[in-house]
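Novice: Can you read through this structure? Questions will come right after.
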Amino acid sequence: AWARLCGGCAALVLTGASLAEGSSMDDTFKSVLEAAKSLALDQAGVAAVHEGNLTWMDTSGIGGNPAGRYAVPVFPDEAQAGLAPLCALWRSSIDYDVCRETLVMGPKDALVVSIATPPAVEYFGVQPNVWMRNISLTPFAAVADALNLDTLNLTGGAEFNASAVVVTAFDANTAALVWDALVQAGVDEAALNLNVLPPSIEWINVTATDPWNGPGFDQLQLLVRANGFNASAATTDYFDSTTPSFLFQVTQDPFGGVEPLPFPGRKGRGGSGETESHLADALSGLQDDVVLALETEGWTLTSKFDLEVYLPDDARCLVDEDYAPVLPDIPQLNITGTPTCDRFTNDALYTMTPSTLSPADAFYFPPNRQFVAVGVNHNATGKAAHLNFMLSCINGTDFSSKDQTFEHAGHTFYLNASDIAGSGAAWSDDSGTAADVDSLFAWRFARTCPEPESGEVYATYCTEVSTEAVDPSLPVWFVYRAYLEAGTHNGASPNETLRTTILIFD
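Residues -20 to -1, 1 to 486, numbered by mature numbering (1 follows the signal peptide of the UniProt record, and there is no 0), are exactly what the sequence shown covers, in order.
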């Protein structure tokens, strides 16, 4: 059954005429998907097809990078295989609607999600995650590589305003059944994509009626990310739209006769062979130039630190209840970490404030302090199609507090590639060749940004951070995200990139 779908379990690259070339998800495509649903229901073994919608969420009130948007398939409660008692409990205790925005699957089930790509964006990705395991654990761990604009099969081969269908499955026979139904209904194979789920998934036993005392199971989430887009009416309309999703349930003998699809494993990072090492001397010189400029203004360099690479082990997040690779313990601040991989994707490189930072005072932003970030513009070096540099603050004793300010829009400041372009040259005093300096950036975060005087162009590369937005009593946190290295279809390797340094002036 699997042989006719693909030979290597990567994203399929097939040929065929475009179904909706140059357009977003339209009524014709939606009707075709409905026909596929009907065809699948006629097949032996398909007990139910639950219908939902891929819906873009507003995460600004619950934490979430305000520079990006996230979508998930949202299903009605009846798709949750008898988890009504759990749904009631969760809804009484947390804001996030776990039951509608995650799903449970048996090994013979399949998720089918139709996707319309937005108007021009710098990054767009689709990735399956384990959101929750065994009712109470939240690993938020990716279980397969993301399908991004380099690898996602779309109508007409276009990147933007195009359509795609993503099938997520474990069993080869179910995948073939669903695939055939889609093709017979008129979906162009050139727009079909396959996510293969790994053997590490804990499947729900859909014949069990007691989720509390039955075997453990995973709640899955297909997360869609969009980053680096311009505000426009078309973009607003896009994020207000939804597209159809279907959960195909095969309940007869759900654990018998399973034929697992070959799991392709996870890709490594980097691989382009290009490094940023040639920029090291210019980067060091730029730091010296920043120190000299701020000393002229009356500021003194009191401390500095390099951002640290955070590379969570998704497989470990699924089995180690104490593993906190993204939101760690910070004993010097009395902060308890959260065991989670936080849905990090391996087509991005994440560097952040080191949790071991000493002195602890370096975490804080009193009125008489300035931070200057000095690093490489990974977009300029080809290491990132999209980058996001962020300063936020942490409220509460742990990262998961409902009252936290981390990543909330009112307490977060972020920069993209176009913001930081030219800032390295503006701060530079012959710290390297023009080409080297153009690949660097330097950006100040201050309580009050200075008015640029004659010749002091660097002063414009500054973000003013009020005490209302970031309270002096709260620790600050820096995050630098670099999505999708050119030519590798994946995230950059930390061994091929240079770290950003945070200079602290008092």
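No residue lacks a Cβ here, since even glycine has one placed at the ideal position from N, Cα and C. Keep in mind the model is a prediction, meaning the values are calculated, not measured.
Secondary structure at Q229, three-state DSSP: helix, strand or coil?
Specialist: Residue state, collapsed to three classes: strand.
Novice: Alpha carbon to alpha carbon, what distance is there between F150 and V176?
Specialist: Near 6 Å, if we compare the C-alpha coordinates of F150 and V176.
Novice: Less than 8 Å between the C-beta atoms of F60 and V93, yes or no?
Specialist: A small fix is needed here, since residue 60 is Gln in this sequence, not Phe. No, these two residues do not count as a Cβ contact at 8 Å.
Novice: Decide yes or no for the touch test of the stretch 440 to 457 against the stretch 337 to 350: beta carbon pairs closer than 8 Å, at least 3 of them.
Specialist: Touching, yes.
Novice: Which residues does DSSP list as the beta-bridge partners of R113?
Specialist: In DSSP, R113 forms a bridge with L117, D198.
Novice: Assign A68 to buried or exposed, taking buried as 16 or more other Cβ atoms, counted over all protein chains shown, within 10 Å of its Cβ.
Specialist: When all chains shown are included, A68 counts as exposed.
Novice: According to DSSP, is Q107 part of a helix, a strand, or is it coil?
Specialist: Note: Q107 maps to strand in three-state DSSP.
Novice: Is the beta carbon of L329 closer than 8 Å to that of A462?
Specialist: In contact: A462 and L329 (Cβ atoms closer than 8 Å).
Novice: Using three-state DSSP, classify E476 as helix, strand or coil.
Specialist: E476 falls in the helix class under three-state DSSP.
Novice: So I95 and A15 are supposed to be a Cβ contact under 8 Å. How far apart are they, rounded?
Specialist: Between A15 and I95 the Cβ distance is about 18 Å, and since that is not below 8 Å, they are no contact.
Novice: By DSSP, does I95 sit in helix, in strand, or in coil?
Specialist: In the structure shown, I95 sits in a strand (DSSP, three-state: E or B).
Novice: Does DSSP put F458 in a helix, in a strand, or in coil?
Specialist: Strand at F458.
Novice: Assign N348 to buried or exposed, taking buried as 16 or more other Cβ atoms, counted over all protein chains shown, within 10 Å of its Cβ.
Specialist: Exposed, by the Cβ-count rule.
Novice: Using a Cβ-Cβ cut-off of 7 Å (strictly less than) and excluding sequence neighbours within five positions of L21, which residues of its own chain qualify?
Specialist: The answer, listed in chain order, is V29.
Novice: In its own chain, which residues sit with a C-beta less than 6 Å from the C-beta of A439, not counting the 5 before and 5 after it?
Specialist: Cβ within range, chain order: P430, P432.
Novice: State the Cα-Cα distance for the pair T135 and V12, rounded to the nearest angstrom.
Specialist: Going by the C-alpha atoms only, they are around 14 Å apart.
Novice: Nearest to M37 by alpha carbon, out of G245, G317, D322, D220?
Specialist: If we check each option's Cα against that of M37, D220 comes out closest.
Novice: Once you ignore the five residues that flank A466 on each side, which residues in its own chain have a CB closer than 8 Å to its CB?
Specialist: So the list reads S252, G362, K363, A365, once near-sequence residues are dropped.
Novice: I'd like to check one pair, T97 with N141: are the Cβ atoms closer than 8 Å?
Specialist: Contact flag set, yes.
Novice: Would you check whether the ligand HEM has a heavy atom nearer than 7 Å to the C-beta of T447?
Specialist: No copy of the ligand HEM occurs in the structure displayed, which carries no ligand at all.
Novice: Indicate the three-state DSSP secondary structure (helix, strand or coil) for T216 in the structure shown.
Specialist: Three-state DSSP puts T216 in a helix.
Novice: If you measure between the beta carbons of L132 and N173, is that distance less than 8 Å?
Specialist: Contact flag set, yes.
Novice: Using a 10 Å radius around the Cβ and a threshold of 16 neighbouring Cβ atoms, would you call E387 buried or exposed?
Specialist: The residue in question, E387, is buried, as its Cβ has 16 or more Cβ neighbours within 10 Å.
Novice: Is S11 helix, strand or coil by DSSP?
Specialist: Helix, per DSSP.
Novice: Please identify the residue among A360, F421, P178, A414 whose C-alpha is closest to the C-alpha of Q107.
Specialist: The shortest Cα separation from Q107 among A360, F421, P178, A414 belongs to P178.
Novice: Rounded to a whole number of angstroms, what is the C-alpha to C-alpha distance between residue 489 and V146?
Specialist: The displayed coordinates of the chain run from -20 to 486. Any statement about residue 489 would go beyond what the structure contains.
Novice: Check for me: the beta strand (DSSP E) holding C442 runs from which residue to which?
Specialist: Per DSSP, C442 belongs to the beta strand (DSSP E) from 442 to 444.
Novice: What is the DSSP secondary structure of T255, counted as helix, strand or coil?
Specialist: Coil at T255, not helix or strand.
Novice: Can you find a C-beta in chain C that's less than 8 Å from the C-beta of G196?
Specialist: Checking the listed chains, one finds no chain C in this structure; it contains a single protein chain.
Novice: From A90, A472, T480, pick the residue whose C-alpha is nearest to that of P240; which is it?
Specialist: Checking every option, the nearest Cα to that of P240 belongs to A90.
Novice: To the nearest angstrom, report how far apart V445 and Q350 are at their CA atoms.
Specialist: In a straight line, the C-alpha of V445 is about 10 Å away from that of Q350.
Novice: Have a look at D293, T276, E275, V356 and flag the residue whose alpha-carbon is nearest the alpha-carbon of S257.
Specialist: Residue V356 is the option with its Cα nearest to S257.
Novice: Considering only the alpha carbon of each residue, which of A415, A124, Q164 lies closest to P242?
Specialist: With distances taken between Cα atoms, P242 lies closest to A124.
Novice: Below 8 Å between beta carbons: does that hold for L34 and S225?
Specialist: Taking 8 Å as the Cβ cut-off, L34 and S225 qualify as a contacting pair.
Novice: Given a threshold of 16 other Cβ atoms within 10 Å of its Cβ, counted over all protein chains shown, does Q164 qualify as buried or as exposed?
Specialist: Exposed: under 16 other Cβ atoms inside 10 Å.
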